[in-house]
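Trainee:
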Amino acid sequence: MRIVTENLSYVYSEKSKELAVQALNNISLTIEEGEFFGIIGQTGSGKSTFVQHLNGLIKVGKDKGSIVIGDFNLTDKKCDFKSLRAKVGMVFQYPEYQLFAETVKDDVAFGIKNFFPALSEKETEEMVKTAITLVGLDYEIVKDKSPFDLSGGQKRRVAIAGVIVTRPEILVLDEPVAGLDPQGKREFTELLKNLHKTTVKTIVIVSHDMNFVSENCTRVAVFSHGELYAEGSPKEIFSDFTRLKELGLDLPVTAYLTEKLSETGIKVESDITTDGFSDAFAAAYIENKEKRRREE
Ligand SMILES: Nc1ncnc2c1ncn2[C@@H]1O[C@H](COP(=O)(O)OP(=O)(O)OP(=O)(O)O)[C@@H](O)[C@H]1O
Ligand SMILES: [Mg+2]
Numbered sequence: 009m010r011i012v013t014e015n016l017s018y019v020y021s022e023k024s025k026e027l028a029v030q031a032l033n034n035i036s037l038t039i040e041e042g043e044f045f046g047i048i049g050q051t052g053s054g055k056s057t058f059v060q061h062l063n064g065l066i067k068v069g070k071d072k073g074s075i076v077i078g079d080f081n082l083t084d085k086k087c088d089f090k091s092l093r094a095k096v097g098m099v100f101q102y103p104e105y106q107l108f109a110e111t112v113k114d115d116v117a118f119g120i121k122n123f124f125p126a127l128s129e130k131e132t133e134e135m136v137k138t139a140i141t142l143v144g145l146d147y148e149i150v151k152d153k154s155p156f157d158l159s160g161g162q163k164r165r166v167a168i169a170g171v172i173v174t175r176p177e178i179l180v181l182d183e184p185v186a187g188l189d190p191q192g193k194r195e196f197t198e199l200l201k202n203l204h205k206t207t208v209k210t211i212v213i214v215s216h217d218m219n220f221v222s223e224n225c226t227r228v229a230v231f232s233h234g235e236l237y238a239e240g241s242p243k244e245i246f247s248d249f250t251r252l253k254e255l256g257l258d259l260p261v262t263a264y265l266t267e268k269l270s271e272t273g274i275k276v277e278s279d280i281t282t283d284g285f286s287d288a289f290a291a292a293y294i295e296n297k298e299k300r301r302r303e304e
């Protein structure tokens, strides 16, 4: 399912002159099926407001543009939001707060009972088991535990299992690695890459972690003050150092090094992933060394 938004705008507290906040302003963005799409931007730039539109948590207002996801026209009053939510799963920041049931298996089963009430207990259990295994947990060990007795990283995994259990085609995540330690972040990144390969077609992820974005995303949108400031591949987005710094955004380490090296005359042309950068740097270093030798 492809996601197409056209001139999407949103104003919080629109009726109040003093409180009204224009959170989105004419966002036209297409996210193709299969992408690992990143959304970056300063705090308050409208990222969460945007992604909450994608499964109808925030509805498209009258004369506020349009959203079409696959066959779902979210602007249409008759849109079947329940079916949409089974197809577009949403994981919030601190997803562990999405947990609520007494046992892990009941928590993960909730989505199935909600979206597919006709399924048998046995079918439900099979789907729960598959989802829990997909997020890297041992079903037999965790199924009867209280979700609140798990570690922070495990809680996030259970929350994600509860979203992917309905087999959504699109997984939307709003800053899912916030608050995790480096090891936790690495494991979570591996989990997302694995889910993208095996389970969900498209991932849309809001992130403040530029290294994560440059390493994993197929394309990136930069939001600024509710507007779509730029979109492109990580290489395109992160090569505009000056503008990104003006927006108060960090650079991935690879982009920062590329800039610093170019100041010393070493030009490194890479896709700015760590592997791409390392290879290109090695080549540029050797070339630079030979050039100097020839000049001597
Ligand atoms: N419930 C709300 N009521 C009123 N204004 C809101 C509400 N939620 C967000 N806003 C405002 O809308 C704008 C966009 O907020 P949003 O949460 O979408 O930004 P964000 O890019 O997700 O920021 P962050 O990186 O801090 O999560 C901000 O000015 C914010 O203050
Ligand atoms: Mg946000």
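In my numbering, the protein residues as written are 9 to 304.
The C-beta atom is built at its ideal place from N, Cα and C for all residues, glycine as well.
State whether the segment 70 to 85 contacts the segment 151 to 168, with contact taken as three or more CB pairs (one from each stretch) at a distance under 8 Å.
Mentor: no
Trainee: Is Glu183 close to ligand 1? I mean its beta-carbon at under 8 Å from any heavy atom of the ligand.
Mentor: yes
Trainee: When you compare only the Cα positions, how much space is there between Leu62 and Met218?
Mentor: Each residue's alpha carbon lies about 23 Å from the other.
Trainee: Should His61 be listed as close to ligand 1, given that the test is whether its C-beta is under 8 Å from any heavy atom?
Mentor: no
Trainee: Residues around ligand 1, please: the ones whose beta-carbon is closer than 5 Å to some heavy atom of it, in chain order.
Mentor: The filter returns Tyr20, Val29, Ala31, Thr51, Gly52, Ser53, Gly54, Lys55, Ser56 and Thr57, in chain order.
Trainee: Along the chain, where does the beta strand (DSSP E) that runs through Glu235 open and close?
Mentor: Glu235 to Gly240
Trainee: Using a Cβ distance threshold of 8 Å, determine whether the segment 171 to 189 contacts the segment 99 to 114, with at least three qualifying pairs required.
Mentor: yes
Trainee: Could you check what DSSP says for Gly284 in three-state terms: helix, strand or coil?
Mentor: helix
Trainee: Quick check: Leu200 and Arg165, are their CB atoms within less than 9 Å of each other?
Mentor: no
Trainee: If you draw a straight line from the C-alpha of Leu65 to the C-alpha of Lys90, how long is it?
Mentor: 11 Å
Trainee: Alpha carbons only, please: which of Ser247, Arg251, Leu255 and Leu257 is nearest the one belonging to Lys275?
Mentor: Ser247
Trainee: Just to confirm my understanding: we take Arg10, look at its own chain, exclude 5 residues before and 5 after, and list those with CB closer than 6 Å. What are they?
Mentor: Glu40 and Glu41
Trainee: Let's test the definition: count the other Cβ atoms within 10 Å of the Cβ of Thr250 and tell me whether it reaches 16, buried, or not, exposed.
Mentor: Exposed, by the Cβ-count rule.
Trainee: Would DSSP call Tyr102 helix, strand or coil?
Mentor: coil
Trainee: At which residues does the alpha helix (DSSP H) containing Ala94 begin and terminate?
Mentor: Phe89 to Lys95
Trainee: Per DSSP, what are the beta-bridge partners of Arg227 in this structure?
Mentor: Phe45
Trainee: Nearest to Lys243 by CA position, among Arg175, Ser36 and Asp279, is which residue?
Mentor: Asp279
Trainee: Answer yes if the segment 27 to 36 comes into contact with the segment 45 to 59, meaning at least three C-beta pairs across the two stretches below 8 Å, and no otherwise.
Mentor: Yes: at least three Cβ pairs fall under 8 Å.
Trainee: In whole angstroms, what is the alpha-carbon distance linking Leu265 and Pro190?
Mentor: One C-alpha to the other measures close to 21 Å.
Trainee: Could you please give the first and the last residue of the uninterrupted alpha helix (DSSP H) stretch that includes Thr266?
Mentor: That run of the alpha helix (DSSP H) goes Val261 to Glu271.
Trainee: Taking Leu200 as part of the alpha helix (DSSP H), name the residues at either end of that continuous run.
Mentor: Pro190 to Thr206
Trainee: In whole angstroms, what separates the C-alpha of Val261 from that of Ile77?
Mentor: 34 Å
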